[in-house]
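In our numbering, the protein residues as written are 4 to 470. Here a beta-carbon is modelled for each residue, glycine too, at the ideal position from N, C-alpha and C. Notes to accompany the following structure.
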Ligand code: NAD
């Protein structure tokens, strides 16, 4: 069984203890990894602090070149990483391969970005410039659904802006983050990227630490609130990418077959464990039965199993806690609505739940109001657009949303009334490194990606020169 280390000061380091990493198919360990304690977390932060002081003076061209080398390093090990990602996370190998490729693409895009000085006034009286300075040490805390890609949402942009990082993966998916740090250790100056592995017990310590300037966090809304509270005493900069419960509004004029296929993909990718997944579908009454039937057909045809089998389309849920939670949602959904595909949890090993379509549910039902983060798609019938807008906007979530119609003017008018950071029209779950991404309401604070995302890793400095 492979053993993975912490990365501190550019070197592999033993932990205070060892943690097993389970394969969610077998529920057996496939690797072990070093676990941090507070003193190792202190070392990681101190090492980042030291490295950052030097890195802040390195030109942006050198930082861009380093990011491109990291992308090369990932590319060279892509097959190995994809396989390990499937073993630790559970997703089908096709999705793991895509995650590694996306990660490389994001890093290459970030490597093409710049932080130019902005001149806002230059006349006879004065010169006023905006410079964007690094913040210092950035703690990047990531969840278990995209353990590699989400690390790459944060670390490269933080580094490009001249910061150093401490990366803390989720306890159930620490291996790909460790390999990412290993690749970076070959390329970056020692200490610029360090890791902390915990068992959900060092988050408050890291986010309250006086040596940390910023926390970039992705995870649940509940934990995001804790991060905000523990960061308050030192007024850390925060980016919080939190939970979502994305609504889709489907109007009567859509092509049912095509729309169903796209909606299915947006709901069941990564076994539904996607912050931006389509999590509740509001469908016009005139096409409700037909769309439910089409979606049920797709769910019934899905191949569920071990993600290492190349034919698998739906793997297991990542961990026991999430599996038990989704089983609870399923039991209540069966009482509140009518299951027309899936719904039966297989006996035996592995955190498997088949893709499930549940119809005849409504606002107020648990499966509609809470983020299921699993393979269950609830469909709600509507008749009036005003009512459905009130439903879609009626929760505290505001991450993504979608509108489906052939009348693009009508769709856009509805989209503009939705309270979420992203609204798609005739698609869902489309994102990229050039498109700012962030949550409205309790789905987040701040944005990632694009120039706006890069700016979040900087502090503005105004130079005001009297002439
Ligand atoms: P989680 O909030 O349980 O954990 C996320 C991370 O926070 C983990 O690394 C965990 O160890 C750490 N953590 C736990 N307690 C902490 C504390 N007190 N302080 C700081 N960190 C702490 O989330 P999860 O179950 O791993 O992931 C699923 C959730 O993440 C879902 O709600 C999903 O919507 C959300 N998510 C959001 C986005 C986005 O970009 N908005 C992306 C992916 C996932």
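Sort the options by Cα distance to residue i and report the nearest one.
{"i": "residue 22", "options": "28, 134, 9", "result": "9"}
{"i": "residue 419", "options": "395, 279, 295, 265", "result": "395"}
{"i": "residue 25", "options": "122, 155, 109, 178", "result": "178"}
{"i": "residue 489", "options": "282, 258, 242", "result": "The requested residue 489 does not occur in the structure, where the chain is confined to residues 4 to 470."}
{"i": "residue 358", "options": "78, 348, 31", "result": "348"}
{"i": "residue 462", "options": "120, 370, 45", "result": "120"}
{"i": "residue 115", "options": "143, 65, 197", "result": "65"}
{"i": "residue 284", "options": "291, 12, 383, 11", "result": "383"}
{"i": "residue 408", "options": "417, 35, 55", "result": "417"}
{"i": "residue 107", "options": "92, 135, 71", "result": "71"}
{"i": "residue 13", "options": "32, 142, 193", "result": "193"}
{"i": "residue 278", "options": "445, 104, 410, 324", "result": "445"}
{"i": "residue 163", "options": "60, 226, 184, 225", "result": "60"}
{"i": "residue 289", "options": "387, 443, 127, 80", "result": "387"}
{"i": "residue 255", "options": "397, 202, 171, 385", "result": "385"}
{"i": "residue 248", "options": "375, 432, 458, 33", "result": "375"}
{"i": "residue 183", "options": "437, 88, 334, 309", "result": "88"}
{"i": "residue 311", "options": "205, 95, 430", "result": "95"}
{"i": "residue 422", "options": "443, 415, 371, 430", "result": "443"}
{"i": "residue 470", "options": "440, 131, 266", "result": "131"}
{"i": "residue 138", "options": "261, 294, 55", "result": "55"}
How close, in whole Å, do the beta carbons of residue i and residue j come, if the pair is a contact with beta carbons under 8 Å?
{"i": "residue 319", "j": "residue 355", "result": "5 Å"}
{"i": "residue 76", "j": "residue 145", "result": "That belief does not hold up - the Cβ atoms of residue 76 and residue 145 are roughly 19 Å apart, past 8 Å."}
{"i": "residue 242", "j": "residue 219", "result": "5 Å"}
{"i": "residue 346", "j": "residue 381", "result": "Not really, about 12 Å apart at Cβ, beyond 8 Å."}
Need the endpoints of the alpha helix (DSSP H) that residue i sits in, please.
{"i": "residue 48", "result": "41-58"}
{"i": "residue 263", "result": "259-271"}
{"i": "residue 156", "result": "152-163"}
{"i": "residue 471", "result": "The question about residue 471 has no answer, for the chain in this structure spans 4 to 470."}
{"i": "residue 167", "result": "Looking at the DSSP string, residue 167 is not in any alpha helix (DSSP H); the run it does join, the beta strand (DSSP E), is 167-171."}
{"i": "residue 470", "result": "Segment: none, residue 470 is in no alpha helix (DSSP H) and carries neither H nor E."}
{"i": "residue 86", "result": "81-92"}
{"i": "residue 105", "result": "96-114"}
{"i": "residue 335", "result": "323-339"}
{"i": "residue 210", "result": "206-210"}
{"i": "residue 369", "result": "369-372"}
Mind checking who residue i pairs with in its DSSP beta bridge?
{"i": "residue 385", "result": "287"}
{"i": "residue 418", "result": "In the DSSP output, where bridge partners are listed per residue, residue 418 has none listed."}
{"i": "residue 440", "result": "451"}
{"i": "residue 249", "result": "281"}
{"i": "residue 482", "result": "Absent from the structure is residue 482, since the part of the chain shown begins at 4 and ends at 470."}
{"i": "residue 462", "result": "136"}
{"i": "residue 177", "result": "For residue 177, which the question treats as bridged, DSSP gives no partner whatsoever."}
{"i": "residue 220", "result": "144, 243"}
{"i": "residue 404", "result": "426"}
{"i": "residue 25", "result": "32"}
{"i": "residue 457", "result": "According to DSSP, residue 457 bridges with nothing at all."}
{"i": "residue 14", "result": "11"}
{"i": "residue 379", "result": "359"}
{"i": "residue 317", "result": "307"}
{"i": "residue 5", "result": "34"}
{"i": "residue 20", "result": "38"}
Over what stretch of residues does the beta strand (DSSP E) that includes residue i continue unbroken?
{"i": "residue 435", "result": "Taken as a continuous stretch (DSSP letters only), residue 435 belongs to no beta strand (DSSP E), as it is neither H nor E."}
{"i": "residue 197", "result": "196-198"}
{"i": "residue 348", "result": "From DSSP, residue 348 is part of no beta strand (DSSP E); its letter is neither H nor E."}
{"i": "residue 360", "result": "359-362"}
Around the Cβ of residue i, are there at least 16 other Cβ atoms within 10 angstroms (buried) or fewer (exposed)?
{"i": "residue 5", "result": "exposed"}
{"i": "residue 217", "result": "buried"}
{"i": "residue 213", "result": "exposed"}
{"i": "residue 392", "result": "buried"}
{"i": "residue 297", "result": "buried"}
{"i": "residue 42", "result": "exposed"}
{"i": "residue 124", "result": "exposed"}
{"i": "residue 352", "result": "exposed"}
{"i": "residue 68", "result": "exposed"}
{"i": "residue 321", "result": "buried"}
{"i": "residue 126", "result": "exposed"}
{"i": "residue 343", "result": "buried"}
{"i": "residue 466", "result": "exposed"}
{"i": "residue 62", "result": "exposed"}
{"i": "residue 133", "result": "exposed"}
{"i": "residue 102", "result": "buried"}
{"i": "residue 464", "result": "exposed"}
{"i": "residue 92", "result": "buried"}
{"i": "residue 329", "result": "buried"}
Please find out if some non-hydrogen atom of the ligand GTP comes closer than 7 Å to the beta-carbon of residue i.
{"i": "residue 435", "result": "Although the ligand GTP was asked about, the structure shown includes only the ligand NAD as ligands."}
Cβ of residue i less than 8 Å from any chain D Cβ?
{"i": "residue 303", "result": "Considering every chain present, this structure includes no chain D. It has just one protein chain."}
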